[in-house]
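In terms of the working numbering, the sequence shown opens at residue 349 and continues consecutively.
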Amino acid sequence: MCMHKNYNKKEDDIMKSIKTRLIAIFAGLILVLSLGLGAVSVNIASKNLTKNVHKNLEEMAMKEAKCIRIICGAETGYIDGIAQNSIILDEKVSWEEKVNYLQKEAKRTGHINFGFIDKNGKATVFNKEKESLYVNDLDYYKKAINGNRSTSDVFIDKFTGKPIIIFATPIRENGVIKGVFYGIRDGEFLSSIVSKFKYRKTGYSCIINNKGVSIGDRNKDLALKQHNFIEAAKENSDSQQLANIIKNKMIRREVGSGEYSYQGKEKIVGFAPIEDTPWIMAVGLESKEVFNSIYELRNLLILFSIIAVAIGIFITYMVSGSIAKPITLLTAHIEKVANYDLTFVQDETSKYLNRNDEIGKIASAVTVMQNNFKSLIKNVEEASNQVSVSSKEFTATSQQASNISEEIANTIEEIARGAASQAQDAEQGANSMEELGYLLEVEQAYLKELNVFADEVVELKNEGISTVGNLVQSSKDNREISNEISEVIVSSNESAKHIQKASEMIQSIAEQTNLLALNAAIESARAGEAGKGFAVVADEIRKLAEDSNKFTIEIKDIVTILTAKTGNAVLGMHKAEEIINSQNVLVMKTEEKFNGIADSIEKAKETIENLNVFSRKMENKKNEMLELVQNLSSIAEENASGTEEASASIEEQVASVEEIASSSQHLAELAQNLNQLIMKFQI
């Protein structure tokens, strides 16, 4: 009874010792390996992810900066096109006509209004009030008056008190800069552009100038209030990190990225300068969104570690129990043999005799040892040697399998990286196709404007042809009137000649009358007193004759001058007729040129229509290509997911092979220990 109690106590001690050690060793090993691999994986993934996010944000910032530069370039190009219109500088066009034309154009294109700045810096808005002020100290005017297109920052309009942005271009006449023509946009123009930016869930974009002032933000109030991040940091330390990035990197026009904390949220921002402007484009998102996948990976690894430890403890418990119990029983019999007790006792050891493993062999060996001690020792020695060799071979085979599995895992990881890179390239391709679509939309908008301008040119052409027709008719009427005037002048010349002949006859009559009066005076003098009255009458007649002769001479002189002038007029009318004939020839040639221009305009309009059709076809092809790229991106993501699952499976296989190798190594150690025990026997 006492011996049975001691046996049970030893059994419990052995069971507890083996189980506890095996459980502690394997659980600790699994836990350390899982946590170590998890920590290394999370750290590497976190660094790579952070690096990739910084790089992606920088690339996104450069792409957005290019888009803003293209949009602003198109805007200033449009302003430059309007500035080419001669109506701007034409003094013959009234102010009301200019205002009506430009305000219609502003309404059509979404501008607030247009304006003109003379060389003295006086800016005048095209409205009925003709509002004006001096802007010769502003940068956009200085740049434009020197021959360059320019864009202003967002600032408050002194007339309306509202924020605006100005696009300006020099206006020239015969190659000489006469001033600056500018278009006025609402202050939300840039904000409305950056508000369309979408990047993940918390992505955002904004535009700041070289002083750290927001001029375009999805939070439009920041741009409208001209929020200065550098100045704000002086009053609120929450903005200090962002202000340092702006002051030390952004306004120095560097391409880069940075991390900062704002309003309790950690954020990452990429930035790039916008060429041809003093602005900087910034693109960012919350760090929490970036590291969500890392947090999920960390939690998954922790859960995997807990599950692996639990499974390891359970397996170790079961294996250690199946190993410890027969060892305990056999140990008791071996102790009997050690005490030279070779009597055979039928007990629980008999059920292990039919086992084909080492325990069965040991049990058989103990039974045989009881019959033949020497034979038992030899058989046990041979069996232990075989166990040692087999365990070494099994260990080597397990190690080879582990190495092969690791190579497969590395290959699958390379495939996964390639699939991830392919998915990223496909996504970048989709983004590029979307940018191409945006450019096609801008091109179609310009083609629509070109259609409008072509219609206006056709209308002006028709008006020009009508005007030329009127000019031809006027020339014909002028020629007829000139002929009539010529006939009148010739007739007047003939009448002047008749008057001259009549005046000569009057002069002759006056001379004869004067002669008769002289004769009458002589006769009255001979008559004496009786002829005095007749003498007086004769004297008066003589005076009248002299006066008539005098007036006749004057009339003759006047008629002579009139004749000379009418002759000159006749010659002038002949010259005028020649000039009118030449003018008619030129008018006819002008009409032919206008008809040629009309034909060219019709051909140009047909070409524009063909461009419209081709642009629509390009849009359709772009949509098809975008769909193909998106499908390719989806397939690449599925491949990446599949390779990641395969990699996880291979890692599990490697872990299992390593556990088998470890167990085999442990078994070889047990066999060596057994050989050492056998050497103690003296054969």
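Note that beta-carbon positions come from the ideal geometry of N, C-alpha and C, so glycine has one too. This one's a predicted model, so the numbers in the text were calculated from it and none came from an experiment.
For residue i, the three-state DSSP class (helix, strand or coil)
i           : result
residue 530 : strand
residue 890 : helix
residue 465 : strand
residue 342 : Here the chain has residues from 349 to 1031 only, and residue 342 is not among them.
residue 940 : helix
residue 647 : helix
residue 517 : strand
residue 901 : helix
residue 481 : strand
residue 499 : strand
residue 412 : helix
residue 504 : strand
residue 854 : helix
residue 435 : coil
residue 811 : helix
residue 406 : helix
residue 634 : strand
residue 597 : coil
residue 486 : coil
residue 426 : helix
residue 549 : coil
residue 704 : coil
residue 792 : helix
Alpha-carbon to alpha-carbon, residue j and residue i
i           : j           : result
residue 554 : residue 631 : 7 Å
residue 460 : residue 407 : 34 Å
residue 928 : residue 426 : 44 Å
residue 904 : residue 866 : 25 Å
residue 532 : residue 510 : 12 Å
residue 872 : residue 850 : 32 Å
residue 941 : residue 835 : 35 Å
residue 896 : residue 908 : 18 Å
residue 596 : residue 624 : 21 Å
residue 944 : residue 961 : 26 Å
residue 586 : residue 471 : 41 Å
residue 751 : residue 996 : 16 Å
residue 933 : residue 824 : 11 Å
residue 982 : residue 395 : 26 Å
residue 382 : residue 649 : 7 Å
residue 499 : residue 464 : 15 Å
residue 388 : residue 993 : 19 Å
residue 818 : residue 806 : 18 Å
residue 860 : residue 901 : 15 Å
residue 435 : residue 497 : 20 Å
residue 534 : residue 468 : 26 Å
residue 538 : residue 939 : 49 Å
residue 525 : residue 428 : 13 Å
residue 821 : residue 814 : 11 Å
residue 653 : residue 635 : 27 Å
residue 557 : residue 612 : 25 Å
residue 964 : residue 812 : 34 Å
residue 922 : residue 947 : 38 Å
residue 485 : residue 401 : 42 Å
Assigned exposure category for residue i - 16 Cβ within 10 Å defines buried
i           : result
residue 651 : exposed
residue 846 : exposed
residue 431 : buried
residue 482 : exposed
residue 423 : buried
residue 713 : buried
residue 404 : buried
residue 863 : exposed
residue 884 : exposed
residue 793 : exposed
residue 350 : With a pLDDT of only 45 at residue 350, under 50, the local geometry of the prediction cannot be trusted, and the value read off the model is given with reservation. Looking at its Cβ environment, which holds fewer than 16 other Cβ atoms inside 10 Å, residue 350 is exposed.
residue 629 : buried
residue 504 : exposed
Residues that residue i bridges to, as DSSP identifies them
i           : result
residue 629 : 555, 620
residue 561 : 576
residue 473 : 463
residue 679 : Its beta-bridge partners do not exist; DSSP assigns none.
residue 606 : 617
residue 512 : 503, 534
Chain D within 8 Å of residue i, Cβ atoms only
i           : result
residue 523 : This model lacks chain D altogether; it includes just one protein chain.
Quiz item: Three or more C-beta pairs closer than 8 Å, one from the stretch 607 to 619 and one from the stretch 491 to 500: is that the case here?
Solution: Inter-segment contact for the stretch 607 to 619 and the stretch 491 to 500 is absent: fewer than three beta-carbon pairs are separated by less than 8 Å.
Quiz item: Is it true that the stretch 565 to 575 meets the stretch 596 to 608, where meeting means three or more beta-carbon pairs spaced less than 8 Å apart?
Solution: Too few Cβ pairs lie closer than 8 Å, so no.
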